[in-house]
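A short write-up of the structure that comes next.
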Amino acid sequence: MEDQHGASNADAERPSAARVYDYLLGGHHNFAADRELARQLQQAAPELRRIIWATRAFSHRAVRFLTGVGVRQFIDLGAGLPTAGSVHEVARRHAPGTRVVYVENDPVAVAHGEQVLAGDPAAAVIAADLRDYGTVLSHPRARALIDPREPVGVLLVGVLHELPADEPARAIAGYRREMAAGSFLALSQATWAGTPEDAEIKEAFDKGFAPSIEMAFRTRAEVSALFEGFDLVDPGVVHIAQWHPDPAPPEEPTMRPPVYAGVGRLPARPLGS
1 MEDQHGASNA
11 DAERPSAARV
21 YDYLLGGHHN
31 FAADRELARQ
41 LQQAAPELRR
51 IIWATRAFSH
61 RAVRFLTGVG
71 VRQFIDLGAG
81 LPTAGSVHEV
91 ARRHAPGTRV
101 VYVENDPVAV
111 AHGEQVLAGD
121 PAAAVIAADL
131 RDYGTVLSHP
141 RARALIDPRE
151 PVGVLLVGVL
161 HELPADEPAR
171 AIAGYRREMA
181 AGSFLALSQA
191 TWAGTPEDAE
201 IKEAFDKGFA
211 PSIEMAFRTR
221 AEVSALFEGF
231 DLVDPGVVHI
241 AQWHPDPAPP
251 EEPTMRPPVY
261 AGVGRLPARP
271 LGS
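All residue numbers for the sequence shown refer to the UniProt record's numbering, where the first residue is 1 and numbers rise by one.
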């Protein structure tokens with residue numbers, strides 16, 4: 001049985017990362033289980049709400065930057081629940097008509113996204129695992145909106161910590177092979193300093209989202225390595241609040257866990273490759 005949000009009873013009883021983040025962003029498409037887990041996570045990571053807002057702000061700045069250099073189509077992987085300031089809204093403030101495909105596997109997020117985007121011919125939501133790049137790129141909605149001959153902005157913001165081991169690199173490589181020269185990748189990732197606080201945060205996330213998610217911290221060097229095949233845009237991989245800050249560069253923040261972000265541009269492929 002489903003409720004008005006498109007969730008089954010089992011979905012409502014099991015916390016979802018997308019809905020926990022929705023709650024922490026002040027949204028209303030979440031359930032008691034999501035709110036309770038959010039409170040538990042904030043005990044382990046008191047700055048979690050601040051981190052999520054900083055992540056949202058980075059997404060806005062990245063989209064604004066990409067529209068400024070001519071990108072007119074986006075794929076938002078692990079998009080979560082659409083809220084005020086979603087990618088299509090931010091992009092169209094600077095480039096009306098920008099096309100956006102959202103990819104999400106949470107049924108509540110997908111159902112709400114379909115409601116929000118109903119009647120919008122230039123935006124769509126796909127129910128899929130972001131790692132399955134073949135399914136995403138071959139989906140009829142993606143094929144209708146994303147022109148593989150044109151540069152595309154691929155966003156992996158606030159989601160990579162949900163993917164273990166080498167899965168992010170494998171997924172990114174799959175998308176990269178299908179991206180036109182001049183395309184961009186924007187991503188963020190919670191990083192690991194090996195402190196007791198980091199271990200406590202990881203334990204809280206792993207326990208709260210078990211068995212679907214095992215939180216994967218990555219070092220700053222590992223985050224940089226995810227841009228293999230891309231040319232990093234200045235200032236490279238930096239603390240998330242310091243990537244093209246608006247209006248002025250802040251001092252090095254002290255978020256726990258620290259989150260790093262960057263944007264890379266796909267260069268033209270050598271002839272014969």
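Every residue, glycine too, gets a C-beta built ideally from N, C-alpha and C.
The structure displayed is predicted, hence computed values, not measured ones.
Would you report the Cα separation of residue i and residue j, rounded to the nearest angstrom?
i, j, result
"D147", "L266", "16 angstroms"
"A33", "Q40", "11 angstroms"
"V154", "G70", "14 angstroms"
"R93", "D246", "17 angstroms"
"T55", "R269", "31 angstroms"
"V90", "T67", "9 angstroms"
"R141", "A122", "10 angstroms"
"R14", "Y21", "14 angstroms"
"G26", "D198", "25 angstroms"
"Q42", "F205", "10 angstroms"
"P46", "T195", "15 angstroms"
"R177", "H139", "17 angstroms"
"E114", "A84", "15 angstroms"
"residue 276", "A241", "With the chain running from 1 to 273 in the structure shown, residue 276 is simply not present."
"S224", "E36", "34 angstroms"
"A193", "R50", "19 angstroms"
"E222", "H88", "30 angstroms"
"A173", "A216", "19 angstroms"
"L48", "A210", "19 angstroms"
"S16", "D120", "26 angstroms"
"D166", "S86", "28 angstroms"
When you compare the CB positions of residue i and residue j, do they come within less than 8 angstroms of one another, or not?
i, j, result
"V125", "V110", "yes"
"M179", "V136", "no"
"A118", "L187", "no"
"A44", "E214", "no"
"D24", "A38", "Per the sequence presented here, residue 24 reads as Leu, with Asp not at that position. Yes, they are a contact pair."
"R72", "A95", "yes"
"P258", "H239", "yes"
"L226", "A169", "yes"
Can you tell me which of the options puts its alpha carbon nearest to the alpha carbon of residue i?
i, options, result
"T191", "D22, L160, L24, L156", "L160"
"V263", "I52, A79, F65", "F65"
"G229", "V259, Y175, S16", "Y175"
"K202", "T67, P164, R269", "P164"
"Q189", "I52, H112, P15", "I52"
"G208", "F58, E162, A169", "E162"
"V157", "R49, T219, V63, R35", "V63"
"A171", "E114, R35, G85, G134", "G134"
"T98", "E36, R50, E150, H28", "E150"
"H29", "A216, A193, V116, E167", "V116"
Does the Cβ of residue i lie closer than 7 angstroms to at least one heavy atom of the ligand COA?
i, result
"I126", "The ligand content of the structure shown is nil, which means the ligand COA is not present either."
What whole-angstrom Cβ distance do residue i and residue j have, given they're in contact under 8 angstroms?
i, j, result
"A18", "D129", "The pair is not a contact, with the Cβ atoms about 13 angstroms apart (cut-off 8 angstroms)."
"L81", "H112", "6 angstroms"
"W243", "F31", "W243 to F31, Cβ: 33 angstroms. No contact."
"R220", "V237", "6 angstroms"
Tell me, please, whether the segment 176 to 192 touches the segment 88 to 108 by the rule of three or more beta-carbon pairs shorter than 8 angstroms.
no
Would you say the segment 232 to 239 touches the segment 77 to 85, given that touching needs at least three Cβ pairs under 8 angstroms?
no
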